[in-house]
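**Student:**
Protein chains: 2
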Amino acid sequence: MPESSHVDLCLIGSGSANSIPDDRFDDWSIALVEGGTFGGTCLNVGCIPTKMYVHPADLARTPEHAGPLGVDLTLDRVRWADVRDRVFGRIDPISAAGERYRAESRNIRLFRQQARFVGDARLRLDDGTEITADRFVIAAGSRVRIASADGLADTPYETSDTVMRLPELPRSMIIVGGGYVAAEFAHVFSAYGTEVTLVARGKALLRQEDAEISSRFTEAMGRRVDLRLQHTLRATRRAERGVEVDVDGPDGPATLTADVLLLATGRIPNGDRLDLDRTGVTLDDDGYVVVDEHQQTGHPGIFALGDVSSHHQLKHVANHEARVVQHNLLHPDAMIASDHRYVPHAVFSSPQVASVGLTEEQAFEQGIGYVVGQTAYASTAYGWALGETGEHVVKLLADPATGLLLGAHLIGPDASSLIQPLIQAMSFGQAAPDVARGQYWIHPAMAEVVENALLALPLDGRSAE
Amino acid sequence: MPESSHVDLCLIGSGSANSIPDDRFDDWSIALVEGGTFGGTCLNVGCIPTKMYVHPADLARTPEHAGPLGVDLTLDRVRWADVRDRVFGRIDPISAAGERYRAESRNIRLFRQQARFVGDARLRLDDGTEITADRFVIAAGSRVRIASADGLADTPYETSDTVMRLPELPRSMIIVGGGYVAAEFAHVFSAYGTEVTLVARGKALLRQEDAEISSRFTEAMGRRVDLRLQHTLRATRRAERGVEVDVDGPDGPATLTADVLLLATGRIPNGDRLDLDRTGVTLDDDGYVVVDEHQQTGHPGIFALGDVSSHHQLKHVANHEARVVQHNLLHPDAMIASDHRYVPHAVFSSPQVASVGLTEEQAFEQGIGYVVGQTAYASTAYGWALGETGEHVVKLLADPATGLLLGAHLIGPDASSLIQPLIQAMSFGQAAPDVARGQYWIHPAMAEVVENALLALPLDGRSAE
């Protein structure tokens, strides 16, 4: 007869939720349910390993950047197996150690199974074990969305879950997708020496970005890969070597061949696999768990966080939400709200992209008044050092009445770090002229491009100095 | 008989002061006096060209960084002449165009001569021309300090003014100095392939930095060059090929030989060359023009800014002071003060160093209570991508009572950009816990090392979340 147990707290998912139980929870009985790899998407197949592939890709491209600056470098080879083994030799033990730590916890019981709700605050594991809990945290994450195409079931393909563990570097690869996952892997594999064909439905890559950024990124990537925009996937099949893919594009149908097919067509939240309706938790039209500002679902005591409930699908958002849920579990009478006002993101491709706040298109559509300030890296002293030619920019939107930033969009080197003072300004309500002139910007650091973009905003009321 | 003229404003120096006359000065008669290269130190021999040499040096060192990450790169060669010609092919025309622009200005007269004061608000140029003015701006900059050594007058040597224009890359070089100029050129030349011997008086390099940073930097540089600490220069002479240099060190005297001798032993302000006592302007014990908070000297209407009056000797400080002087010239009845509270600086060597505020030693000496938070790049996700091994850190000092930052000291990749949110926090009085948790930090961007250092500060009163 299946076991049944009651705990104070049941955590579903070992990613961000795993950071919740600290010493303040030592007298709580806790169940931690994880059916997949321990540690979640970010650690195992997401942010962290991808960046460990991206940096070597940046290095592999150094020769083409260095040549015009007078430095002759030759890329001899990228040792795929060594890259891969460095990444997973580092990550897999972290996952294993995290699992071991929890398995040995006195007050935490780890269940390595999938689970579904079978009643009100009642969860059933695959082996039949039932868990009831005073509180649940649903942090079951998201999974790769698989594109549909005739014959796909019989075609070998990779996703971001698997492609980083390939036994060897493919000579050629078809990547399907136009978002950040496709953009990062197109950079990685093309830099490593794989011939990449990138198939995207849209007229541009990274279409969620400000159109200026999306356009500049698309142009840059188009110089590096065989870029097929406005192409849809029709059919796939196994070929003698690798795969064949039928696509339809503006110029009619075409058949592409490659060693490897990588599907990078987005991620979907895992809430649909939990039978959440049995416990009174609802999903929105896109399949995300609906939560209030305290990260609480419609069912009191059931919280959700991270990819399963956040359209952002970003680890830094999940971490923030985990801290909010942690607080709210400990202080049910003094809950705090999560802050989703200024959520930045970055695309670690080449060029790098980082963004926070409204795009120009969003501001326009929402009828929000704005002014634009834009500066090219090339116009700064450090840009001269880098040999910048004008492709990389910082674009800012501000409210002309208050000078407060509405959005910041960067494409170029170190975008993901350079954006931080702008996130800080938005989060703390600092007006653009004050941010520009109320602090020193080291000359000639790369950050001057941000200072100059702030000064390029056509705002009145610049501070006296 | 020498000409004599009276103007509304006389600017001495064409560096930062040259940014003062904008359209608001169109009805002022202005004299601009410059005896050296037009455009000042930063543009011609300082910040800008040096960084244009540093970036290729960073690129030249990519192979040793990339190898352990699985990317095999070979440095074939650094084309010295191409590096040099790219730099000065870019900079020299800017200097020339700047000069032409001013020479053609309707209301500005450019005097290409050295000048000295000969009386109250009365300047005499080398050709005897005398200029009197209602207002002066002394922005005559600084010059290279030449170390003293027997025989130096008869020995060929380079300084930062000349070394970037060498006809060819030297096979070997002795650099004398332990500050930022020596540190940057030691990086540049050793990366380009020159055998560098670095002779420094102190027990460490970059001794003005926090001792932790200085020590880490010294260790890193010691692996790249023949580092002679606690060595003093005794004598120099021309050798059959290049130079011979006698030094005295802890183990006694030694004679070093190299193709080129580079003296990088600091800079001194040019106020001593202006006979400022004739016009009632005083110098401090270190030779800097004494100014008040409005950048005004003891003589009303005579302002000074930049290296000639600022111990910082930093271009971003000079720029700030130029804006202050500009305002104060235009609004003599509503002068503003310059802000020297949180002046950051960076050393663009390898590793890069950036700093703002108090070092731990300064805080200790001044009896200021502080706590320390320190985080290694290696402990962050991006640090894993970079293959960091623990040498590079962010070290923060904060006031335990208020949580306000007292100092920030970074050594590692992109230090000069990563420091910006910390400068911002200090300049706007934002407490460390708020800066850490009151905004999102993109995961896994390099900036997370800053977030983590903020969180590593042992401060109570962390915000609720």
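Order-wise, the sequence lines are chains B and A.
When we follow our numbering, the leftmost residue of the first sequence carries the number 38, and every step to the right adds one.
When we follow our numbering, the leftmost residue of the second sequence carries the number 38, and every step to the right adds one.
In this text, a Cβ means the ideal position worked out from N, Cα and C, and glycines have one as well.
#1: Just verifying my parser: in three-state terms, what is the DSSP assignment at S387/B?
#2: Rounded to whole angstroms, how far is the Cβ of L266/A from the Cβ of A237/A, which I believe are closer than 8 Å?
#3: Grab the span of the beta strand (DSSP E) containing L264/B for me, first residue to last.
#4: Does the CB of R127/B have a neighbour CB from chain A at under 9 Å?
#5: Among residues of its own chain, excluding the 5 on either side of L235/B, which ones have a beta-carbon nearer than 6 Å to its beta-carbon?
#6: For the alpha helix (DSSP H) containing M463/B, list its first residue and its last residue.
#7: Note down the Cα distance separating A445/A from F401/A, rounded to an integer number of angstroms.
#8: Per the contact definition of three or more C-beta pairs closer than 8 Å, is the segment 338-350 of chain B in contact with the segment 174-182 of chain B?
#9: Any idea what DSSP makes of F401/A, helix, strand or coil?
#10: Of all the alpha helix (DSSP H) runs that stay within the bounds of the segment 172-236 of chain A, which reach a length of 4 or more residues?
#11: Please go through the segment 63-146 of chain A and give each complete beta strand (DSSP E) segment of 3 or more residues, from N-terminal end onward.
#12: Is the segment 55-62 of chain A in contact with the segment 95-103 of chain A, if contact means three or more CB pairs nearer than 8 Å?
#13: When we look at the beta-carbon of I405/A and count the other beta-carbons within 10 Å, is it buried (16 or more) or exposed?
#14: Compile a chain-ordered list of the residues in the segment 487-498 of chain A whose CB is closer than 7 Å to at least one CB of chain B.
#15: Excluding the 5 residues preceding and the 5 following T32/A in the sequence, name in chain order all residues of the same chain whose CB lies nearer than 8 Å to its CB.
#16: Give the single residue among A140/B, P337/B, S416/B whose Cα lies nearest to the Cα of H37/B.
#17: Return helix, strand or coil for P58/A, following the three-state DSSP convention.
#18: So Q399/B contacts chain A; which residues on that side make the cut at Cβ distance below 9 Å?
#19: At a CB-CB cut-off below 7 Å, which residues of chain A make contact with H382/B?
#20: Counting pairs of beta carbons, one from the segment 110-118 of chain A and one from the segment 82-89 of chain A, are three or more of them closer than 8 Å?
#21: Taking the alpha-carbon positions, what's the E210/B to R202/B distance?
#22: From V155/A to E71/A, what does the alpha carbon distance come to, in whole angstroms?
#23: For a contact meaning CB atoms closer than 9 Å, what does S464/A contact in chain B?
#24: Within 9 Å of any Cβ in chain A, is that where the Cβ of H429/B sits?
#25: Output needed for L243/B: all residues of its chain with C-beta closer than 8 Å, excluding positions within five of it in sequence on either side, in chain order.
#26: Starting from V472/A, trace the alpha helix (DSSP H) both ways and give me its first and last residue.
#27: What is the C-beta distance between P388/A and I460/A, in whole angstroms, given that I count them as a contact (C-beta under 8 Å)?
#28: Assuming A20/A contacts S56/A under a Cβ cut-off of 8 Å, what Cβ separation, rounded to an integer in Å, is found between them?
#29: Identify the residues that DSSP records as bridge partners of G394/B: which are they?
#30: I'd like to know whether the C-beta atoms of F75/B and G135/B end up nearer to each other than 9 Å.
#31: Note down, in chain order, each residue of its chain lying with its Cβ closer than 7 Å to the Cβ of R182/B, except the 5 sequence neighbours on either side.
#32: Indicate whether I49/B and L367/B have their beta-carbon atoms separated by less than 9 Å.
#33: Between S42/A and G165/A, what straight-line distance do the alpha-carbon atoms span, to the nearest angstrom?
#34: At the level of alpha carbons, what is the spacing between G286/A and H268/A?
#35: Just to check my reading of the structure: H1/B and D323/B have Cβ atoms closer than 8 Å, yes? What is that Cβ distance to the nearest angstrom?
#36: Interface residues of chain B around K352/A at Cβ under 8 Å?
**Tutor:** Walking through what the data contain:
#1: coil
#2: 6 Å
#3: 263-265
#4: yes
#5: I212, A223, V262, L264
#6: 457-464
#7: Approximately 15 Å, taken between the alpha carbons.
#8: Between the segment 174-182 of chain B and the segment 338-350 of chain B, the count of Cβ pairs shorter than 8 Å is three or higher; the stretches touch.
#9: helix
#10: 217-229
#11: 67-70, 108-115
#12: Judged by Cβ distances under 8 Å, the segment 55-62 of chain A makes no contact with the segment 95-103 of chain A, as fewer than three pairs qualify.
#13: exposed
#14: none
#15: This structure cannot speak to residue 32/A, because chain A is shown only from 38 to 502.
#16: Lying outside 38 to 502, the shown extent of chain B, residue 37/B is not represented and no answer is given.
#17: coil
#18: Ordered by position in chain A, no residue passes the 9 Å Cβ test against Q399/B, which lies about 18 Å from the chain.
#19: I479
#20: no
#21: Checking the sequence, you will find Met at residue 210/B rather than Glu. Using only the alpha carbons, I get a separation of about 15 Å.
#22: Linking V155/A to E71/A through their CA atoms gives a straight-line distance of about 17 Å.
#23: G475, Q476, Y477
#24: no
#25: G215, G216, Y217, A220, I250, S251, F254, T255, V384, V390
#26: 469-474
#27: So it is not a contact: roughly 19 Å between Cβ atoms.
#28: This structure cannot speak to residue 20/A, because chain A is shown only from 38 to 502.
#29: G444/B
#30: Taking 9 Å as the Cβ cut-off, F75/B and G135/B qualify as a contacting pair.
#31: T302, G303, R304, I305
#32: no
#33: 12 Å
#34: 4 Å
#35: The requested residue 1/B does not occur in the structure, where chain B is confined to residues 38 to 502.
#36: H480, P481
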